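Shown next, in structure tokens, is the structure this report addresses.
In UniProt numbering, the protein residues as written are 1 to 671.
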């Protein structure tokens with residue numbers, strides 16, 4: 001039975017991972033120089049010489065490149081050869097199996113023991129190498145994934161508005177594992193493999209002659225050339241399979257994220273059929289990949305078998321001519337099978353390296369995407385609550401070229417004041433918040449906070465100074481307490497409870513079965529819209545920034561809860577600069593100044609009473625439209641604006657009392 005070395009067992013890993021997202025801008029260059037550049041790019045993210053794991057890296061490298069490991073494997077066929085030659089020369093009676101000391105002393109028996117010891121040592125070194133390198137590989141994967149994750153968080157909002165969540169997750173998973181495989185194969189296994197192949201060829205030349213070495217090298221060359229050419233041809237099938245897998249994954253995740261919409265329209269079967277259509281495409285591409293892999297494996301085996309047959313014929317002729325022994329035949333057979341695994345390994349490494357590079361395509365594309373909003377070594381924003389003035393100077397901005405959202409906007413929010421920004425849909429209200437937070441940069445103009453241009457300060461310090469309550473509050477799939485504490489991860493339990501009381505949600509949380517440990521579900525969908533909004537308000541307050549930005553902060557609240565929170569906000573925003581983006585004008589009547597936007601420009605500004613007193617003002621039209629029910633069923637009242645305001649406030653109080661009486665004793669804070 002010819003011996004097959006375990007030296008390379010377990011070193012060829014095939015990672016079956018998710019596909020990367022399809023990026024139209026991504027291109028793939030299969031040239032050697034480009035592949036080398038990408039491998040070096042991956043090496044930057046590995047950082048194997050990390051102090052915490054450097055001894056693992058050094059040990060792993062030494063074990064993989066240790067000549068003793070290779071020599072142990074090559075020794076095995078020689079042990080078998082000497083045993084066969086000794087047994088062939090000696091008669092059977094010389095091996096006295098009834099006399100143990102004589103048996104052990106026999107040369108053939110000793111060589112057989114050496115043969116077994118060589119196999120055991122080869123297995124030991126192989127498993128020791130795998131054990132040590134396992135730490136290096138896992139540490140590398142973790143470090144790469146963390147770096148990519150952090151890089152994604154540093155990208156602009158524009159990227160994340162167009163990304164596909166499921167595909168992005170697959171890209172990180174597949175790409176990081178692909179990098180780990182490529183580097184482990186090339187750095188830790190390629191060198192020892194090439195060394196063993198060269199050593200076997202040299203031994204064949206030295207022990208058996210040039211013909212044997214020529215056949216071995218010819219087999220090696222044909223095997224390598226066939227593997228490279230065939231793998232390049234079948235690469236396109238792997239690309240098609242990845243794309244199909246990506247589309248199927250996106251369809252499944254998108255459908256599950258829109259679970260309620262699917263139910264509303266009874267489209268479960270439609271979604272299943274659509275998903276199955278993507279799976280059929282993936283199935284077809286996967287079958288092509290599998291069948292071409294089988295063809296590749298068969299071709300490799302056929303080439304090796306032809307080479308093995310040729311060398312065995314040469315050895316048989318040598319035995320017949322008396323120039324070789326039977327042991328030489330066994331040795332040649334063992335060496336060739338010793339060579340088969342390195343050959344198969346190199347073929348597998350090349351094939352899997354090409355596939356790993358394909359899998360890493362999107363990951364490299366992601367890593368090469370650079371954020372537009374940055375300034376290296378920018379100084380931090382220095383700000384105190386009494387200096388937190390916001391100033392827009394002739395700001396122009398457009399999301400799409402030629403469609404201006406802000407068209408020369410200029411205004412100032414004095415420190416410690418409450419300023420509201422109102423206007424119709426598409427007037428640019430929410431864009432003000434995004435520009436302040438530097439999710440986008442204006443095409444023209446400047447924005448100042450505390451007299452400092454926000455372009456010239458670090459993003460981290462700027463965003464620490466701003467607290468934002470978004471219109472659509474999205475929560476983590478975790479407990480209510482976790483989502484509240486997220487505003488300040490170092491906050492104490494009592495501080496979290498205090499902001500919950502301030503936002504009017506503390507009592508409602510206590511009525512829940514698990515209290516603050518209640519899970520809110522995916523994106524907070526287990527909570528009502530009002531409850532999510534109050535959690536968002538509470539965690540923004542917990543952050544305790546000098547500037548607060550409210551983007552429709554009470555849009556999901558009922559009138560009573562809104563009134564209670566607005567009362568609490570008066571204390572919350574005292575001596576703090578605050579900007580309120582509002583549709584409901586009743587929430588900002590107490591603002592120090594109201595800025596009315598229209599078609600991307602500041603149309604009007606002033607306080608509530610001043611704007612209402614302007615005949616035909618845009619603000620007055622908005623106010624009258626929202627309060628048409630109490631203004632003679634929408635008809636314009638002949639009373640002056642101040643009297644109309646007084647009447648409106650009286651009607652509002654009466655309506656509030658009626659609602660309060662109708663729900664008294666309900667016990668549900670969000671009814």
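Don't be surprised by glycine CBs; every beta carbon is placed ideally from N, CA and C. The structure presented is a predicted model; accordingly, all values stated were derived computationally and were not measured.
When DSSP states are grouped into helix, strand and coil, residue 426 belongs to the coil group.
For residue 496, the enclosing alpha helix (DSSP H) has its first and last residue at 493-502. DSSP links residue 135 through a beta bridge to no other residue. Runs of the beta strand (DSSP E) lying entirely within the stretch 323-361 and spanning at least 3 residues: none are present. Secondary structure at residue 395: strand, using DSSP grouped into helix, strand and coil.
The C-alpha of residue 126 lies about 36 Å from the C-alpha of residue 323.
Only exposed fits residue 233, as fewer than 16 other CB atoms lie within 10 angstroms of its CB. In this structure, the CA atom of residue 398 is about 43 Å from the CA atom of residue 493.
Our two residues, residue 396 and residue 442, have alpha carbons roughly 6 Å apart in a direct line. Per DSSP, the beta bridge partners of residue 420 are 580 and 594. Between residue 483 and residue 535, the gap from beta carbon to beta carbon is short of 7 Å.
Taking residue 331 as reference, the option from 204, 466 and 124 with the minimal CA-CA separation is 204. Every alpha helix (DSSP H) of 4 residues or more that sits fully in the stretch 218-277 is shown, in chain order, as 259-264. Judged by DSSP in its simplified three-state form, residue 517 adopts helix.
Cβ atoms of residue 616 and residue 404 stay farther apart than 8 Å, at about 25 Å.
The Cβ atoms of residue 421 and residue 581 lie closer than 7 Å to each other.
For residue 611, the enclosing alpha helix (DSSP H) stretches over residues 608-612.
Pairwise C-beta distances place the stretch 361-375 in contact with the stretch 142-158, as three or more of them are shorter than 8 Å. Nearest neighbour of residue 560 by Cα position, chosen from 530, 547, 542 and 552, turns out to be 530. Buried is the label assigned to residue 553, since at least 16 other Cβ atoms lie within 10 Å of its Cβ. According to the DSSP assignment, residue 446 belongs to the beta strand (DSSP E) that extends over 444-449. Counting only residues of its own chain and dropping the five nearest sequence neighbours on each side, residue 350 has a CB closer than 7 Å to the CB of 227, 228 and 231. DSSP places residue 524 outside any alpha helix (DSSP H), giving it a letter other than H or E. For residue 621, the enclosing alpha helix (DSSP H) begins and ends at 618-626. Here residue 361 is buried: its Cβ has 16 or more other Cβ atoms, across all protein chains shown, within 10 Å.
Less than 7 Å separates the beta-carbon of residue 381 from that of residue 465. Put simply, the backbone Cα of residue 606 is about 14 Å away from that of residue 579.
Boundaries of the alpha helix (DSSP H) around residue 537: 529-543.
The C-beta of residue 429 has 16 or more other C-beta atoms within 10 Å across all chains shown, which makes the residue buried. Rounded to whole angstroms, the separation of the alpha carbons of residue 306 and residue 193 is 22 Å.
Straight-line spacing of the CA atoms in residue 472 and residue 609 works out to 30 Å. Here residue 604 has 596, 611, 617, 618 and 619 as same chain residues with Cβ atoms under 7 Å from its own Cβ, once five neighbours each way along the sequence are excluded. In the DSSP annotation of this structure, the continuous segment of the alpha helix (DSSP H) that includes residue 207 starts and ends at 190-208. Judged by DSSP secondary structure, residue 484 falls within the alpha helix (DSSP H) whose first and last residues are 480-485. Fewer than three beta-carbon pairs drawn from the stretch 411-420 and the stretch 339-346 are found closer than 8 Å, and the two stretches are therefore not classed as touching.
Within the DSSP bridge table, the entry for residue 550 names 469 and 580 as partners.
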